[in-house]
Structures are given as structure tokens and as C-alpha cells.
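Presented below is the structure to which this report refers.
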Amino acid sequence: MSVIANLAIFPMDKGVELAGHVARVLDVIRKSGLAYQLGPMGTCIEGEYDPVMDVVRRCFLELQSDCERVYMTVSIDYRAGDQPRMAGKVDSVEHLLEKIEP
């Protein structure tokens, strides 16, 4: 079962500069070995359901360790099969965009 999870997570009690906290979360994701893609408003993680959800849990625990309030949203796209889909989804839209006249 292949899922792509879009995770947005950050502390709400640490001021306006949150890049350091986001980097901590991204380190958890990176060390998981799962495919991921950092975006400006969240990170997509791709893999089997259970390992992806375990990484989401570990990301939460990373911030919970020193934050009083954590905001997190997770949206999940499931599709039967196990082929990598993150890059393909983006490539497909970009290919179609090239065909549209400006």
C-alpha cells in the first residue's frame, strides 16, 4: 500500500522564526530512509502506510519534547500499488503545463 502524506508541523509557542524546529523534524524524516520532498508549507513523505505514520508520530514527539503547543496537519493520498509516485505526480502536471500556451 503506497501512501503520500503531506505533513505540516510546527510549534506555536516558540515565536516567529521556526526554521530550526522544522529542520529538527526534517532530520527525523531524513533519517527514516523514506522518500520525502520538502515544500514551503509542508513536507511530503512517501512509503508504506505504517512506516509513514510512524515517522509522523516521531516528528510529533520530537517537537513535543520541548514545545508546549504543536500544530500539525496530515493529509494522505493512498493508491494501490507500490511504485514511487511523488515525482511522477509533479512531472505529469509540469508536462501538461508545457502544452498550454502562455
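UniProt numbering applies: residue 1 is where the sequence shown begins, and numbers increase by one.
Glycine included, every Cβ here is placed at the ideal spot set by N, Cα and C.
All of these numbers come straight from a predicted model, not from anything done at the bench.
Any idea which residues DSSP pairs residue 47 with across the strands?
3
Spatially closest choice to residue 40 from 83, 9, 66, by CA coordinates
Considering only alpha carbons, the answer is 9.
What does DSSP give as the partner residue(s) for residue 75 in the beta ladder?
6
Straight-line CA distance for residue 83 to residue 47?
9 Å
Among the residues of its own chain, which have a CB less than 7 Å from the CB of residue 64, if the five just before and after it don't count?
70
Extent of the continuous alpha helix (DSSP H) run through residue 96:
86-99
Helix, strand or coil at residue 19 [DSSP, three-state]:
helix
Given a cut-off of 9 Å, decide if residue 92 and residue 55 are closer than it, judged by their beta-carbon atoms.
In this structure, the beta-carbon distance from residue 55 to residue 92 does not fall below 9 Å.
Proximity to residue 38 [Cα-Cα], best of 86, 62, 14, 79:
86
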